[in-house]
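Participant: Per UniProt numbering, numbering of the sequence shown is gapless, rising by one per residue and ending at 316.
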Amino acid sequence: MSGIPMYKATPYYKLDDLNNIELPKCMYKMKNVHKEREDGPQSVQRGSSGGSQALDALEQRQENILRELDALQAEVAVMMQHLPASVKQQGSATASGATCGQAQLEGPVRDIVVNANPSSPPLSLFILYELLKQQFRCFGSVHVHSSVENVPEGLCKCLGNGIRSDLRNRTDFQLAITLIWKDVKPSPQMMMSAAYQTPIHGESNVARYLGRILQPSYDAQDPVTATEIDTWVDMAGTQVLLGNNKERAASLRSLNSRLGKHDWLVGSGLTLADMVMWSALHQTGQAAGVPANVKRWMQACNGQPAFQSALKLTQS
Numbered sequence: 001m002s003g004i005p006m007y008k009a010t011p012y013y014k015l016d017d018l019n020n021i022e023l024p025k026c027m028y029k030m031k032n033v034h035k036e037r038e039d040g041p042q043s044v045q046r047g048s049s050g051g052s053q054a055l056d057a058l059e060q061r062q063e064n065i066l067r068e069l070d071a072l073q074a075e076v077a078v079m080m081q082h083l084p085a086s087v088k089q090q091g092s093a094t095a096s097g098a099t100c101g102q103a104q105l106e107g108p109v110r111d112i113v114v115n116a117n118p119s120s121p122p123l124s125l126f127i128l129y130e131l132l133k134q135q136f137r138c139f140g141s142v143h144v145h146s147s148v149e150n151v152p153e154g155l156c157k158c159l160g161n162g163i164r165s166d167l168r169n170r171t172d173f174q175l176a177i178t179l180i181w182k183d184v185k186p187s188p189q190m191m192m193s194a195a196y197q198t199p200i201h202g203e204s205n206v207a208r209y210l211g212r213i214l215q216p217s218y219d220a221q222d223p224v225t226a227t228e229i230d231t232w233v234d235m236a237g238t239q240v241l242l243g244n245n246k247e248r249a250a251s252l253r254s255l256n257s258r259l260g261k262h263d264w265l266v267g268s269g270l271t272l273a274d275m276v277m278w279s280a281l282h283q284t285g286q287a288a289g290v291p292a293n294v295k296r297w298m299q300a301c302n303g304q305p306a307f308q309s310a311l312k313l314t315q316s
């Protein structure tokens, strides 16, 4: 169908006359993509030069980061030389077969001070101390603070058997543990640095620290086993020692269920989890009325020499 159109519009611009287009005075201005650049290949060259500058800047930034990392690594290496003594294991001796000299504490004697309440003695500390004596030259001492009275004689001498007559100078020892019976609540406190005086709170955390000094360390195994040990240690330190009756009953049920299928809490042998849980049950008065599986496990713990030494302290 042909004819005169009803509407007719004037074109906005002519394609053959792009130079005469009136551009609006807007805030941002862009290059005309329809128009060929007058400089042609030179613009491409400038673009590649800009890209090269960006790459150079990125490379320079990467070099700066690498230099900073090298400086940080050197600073950490210097700090490690001034840190307190660290534990090194010589050979592949296990904890059961380790003796003094198989594991070594480098540097000066390591001082550890523990504040504990005699009404709730941290039995896991005594167990770990007996095990530490098998691997290191240990010096133990006990003091009574004026905030407590009538401390049993057994608790006053609980670490005295660590003193060896063949080592008279304190510098001859590798590890010195000082126990102060004091009115501290709700849990024991441990100090390792006389300079910073930063305490570690809770029997479970004190046991973790000492358990890492032993060789092999309790968390030196695979991560899954170490996590399982930490789970039971946390349960003993929070739900059993510091929990209410409902939380303690729930923990005892979990403990009984676990020991119904296994002889020990984690793995096939004694671990830090057994030490802390055994201590928690004795401190809270639950050791006498435990279920059958837990009772069998506690009897197995009581048969260990280190546990027997700690058990005598509760009966003194």
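Note that the Cβ used here is the ideal one computed from N, Cα and C, for glycine as well. Remember, predicted model here, so these are calculated numbers, not experimental data.
Taking only the alpha-carbon atoms, compute the straight-line gap between Q60 and L72 and give it to the nearest angstrom.
Facilitator: So the two alpha carbons sit approximately 18 angstroms from each other.
Participant: Apart from the five residues on each side of it in sequence, which residues of its chain come closer than 8 angstroms, Cβ to Cβ, to D183?
Facilitator: These residues qualify, in order along the chain: N117, H145, S147, V148.
Participant: Helix, strand or coil: which one does DSSP assign to F307?
Facilitator: Correct three-state label for F307: helix.
Participant: How is the beta strand (DSSP E) around C138 delimited, first residue to last?
Facilitator: Looking at the DSSP string, the run of the beta strand (DSSP E) that includes C138 is 138 to 144.
Participant: Pick from M277, V114, N302: whose alpha carbon is nearest that of L255?
Facilitator: Out of M277, V114, N302, M277 has the C-alpha closest to the C-alpha of L255.
Participant: For N64 and L58, what's the separation of their Cα atoms in angstroms?
Facilitator: Rounded to whole angstroms, N64 to L58 spans 10 angstroms at the Cα level.
Participant: Count the CB pairs spanning the region 202 to 214 and the region 223 to 242 that are closer than 8 angstroms, and state whether there are at least three.
Facilitator: The answer is yes - the region 223 to 242 touches the region 202 to 214, with three or more Cβ pairs under 8 angstroms.
Participant: Which runs of the alpha helix (DSSP H), 4 residues or longer, sit entirely within the region 156 to 240?
Facilitator: You should have 203 to 213, 223 to 235.
Participant: Could you work out which residue in L272, N245, L123, Y28 is closest to A226 when comparing CA atoms only?
Facilitator: Checked all of L272, N245, L123, Y28; the closest Cα to A226 is L272.
Participant: From what residue to what residue does the alpha helix (DSSP H) around V294 run?
Facilitator: 292 to 302 is the extent of the alpha helix (DSSP H) around V294.
Participant: My assumption, with CB atoms under 8 angstroms, is that V113 sits in contact with T178. Please give the rounded CB distance.
Facilitator: Rounded, the Cβ-Cβ distance is 5 angstroms, consistent with contact.
Participant: Evaluate contact between the region 242 to 252 and the region 216 to 223, counting only Cβ atoms and requiring at least three cross-stretch pairs below 8 angstroms.
Facilitator: With a cut-off of 8 angstroms, the region 216 to 223 and the region 242 to 252 do not count as touching, because too few Cβ pairs lie within range.
Participant: In the DSSP assignment, find the alpha helix (DSSP H) that holds N256 and state where it starts and stops.
Facilitator: From DSSP, the alpha helix (DSSP H) with N256 extends over 245 to 259.
Participant: Label R110 either buried or exposed according to how many other C-beta atoms from any shown protein chain fall within 10 Å of its C-beta, with 16 as the threshold for buried.
Facilitator: Under this definition R110 is a buried residue.
Participant: Where Q81 and P108 are concerned, what is the direct C-alpha to C-alpha distance, given to the nearest angstrom?
Facilitator: Between Q81 and P108, the C-alpha separation is close to 13 angstroms.
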